[in-house]
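Participant: One structure coming up, written as structure tokens, with questions to follow.
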Amino acid sequence: MGYLTTHVLDSAFGCPGSDIQVKLYRIGAKRELIATVTTNSDGRCDQPVLEGEAFAKGVYELEFGAGAYYRRQGMELPEPAFLDEVVIRFGIANEDEHYHVPLLISPYSYSTYRGS
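Counting with this note's numbering, you get residues 25 to 140 for the letters of the sequence shown.
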């Protein structure tokens, strides 16, 4: 069975993005919250964000609390922040694969890719 993982790297400070809240939504007829996790000191989650019977084909969103993270780091952000909640929408097409969706962030940019 496949599973979903993520991690956050902070390119502004050159470190893992620790203590960032990550919400996972399944996108269908409505946007359904199915998991909430927090990154550890290495910017990773201690367990897969999605696995087992819940891991199914479909469209999902990972929502990262980037603005809250940078405010805790003492960074002064404009109101509203340019990037407050970073949302990545992606699809899971194969229930037998590992999907890794990392986030590289700064207060004014982000990037992602399908990792391994």
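Backbone N, C-alpha and C define an ideal beta-carbon position, used for all residues, glycine too.
Report the three-state DSSP secondary structure of G82 (helix, strand or coil).
Facilitator: DSSP places G82 in strand when its eight states are reduced to three.
Participant: Report yes if the C-beta distance between V110 and F88 is below 8 Å; otherwise report no.
Facilitator: Yes, the pair counts as a contact, with Cβ atoms nearer than the cut-off.
Participant: Can you check the segment 51-102 for any beta strand (DSSP E) of at least 3 residues that lies completely inside it and give the ranges in chain order?
Facilitator: As far as the segment 51-102 is concerned, its whole beta strand (DSSP E) runs of at least 3 residues are 55-62, 82-89.
Participant: Grab me the residues of P72's own chain with a C-beta within less than 7 Å of its C-beta, minus the 5 sequence neighbours each way, in chain order.
Facilitator: Counting only Cβ-Cβ distances below 7 Å, and skipping sequence neighbours, we find Y27, L28, T29.
Participant: In chain order, what residues of the same chain lie with their CB nearer than 8 Å to the CB of T140, ignoring the 5 residues before and after it?
Facilitator: It is Ser, not Thr, that sits at residue 140 in the sequence shown. Closer than 8 Å at the Cβ level, and outside the excluded window around S140, lie H122, H124.
Participant: Excluding the 5 residues flanking Y132 on each side, which residues of the same chain have their C-beta closer than 6 Å to its C-beta?
Facilitator: Cβ neighbours of Y132 beyond the five flanking positions: F106.
Participant: For D120, which of helix, strand or coil comes out of DSSP?
Facilitator: Three-state result, D120: coil.
Participant: Tell me whether the beta-carbon of L33 lies closer than 8 Å to the beta-carbon of P126.
Facilitator: Closer than 8 Å, so yes.
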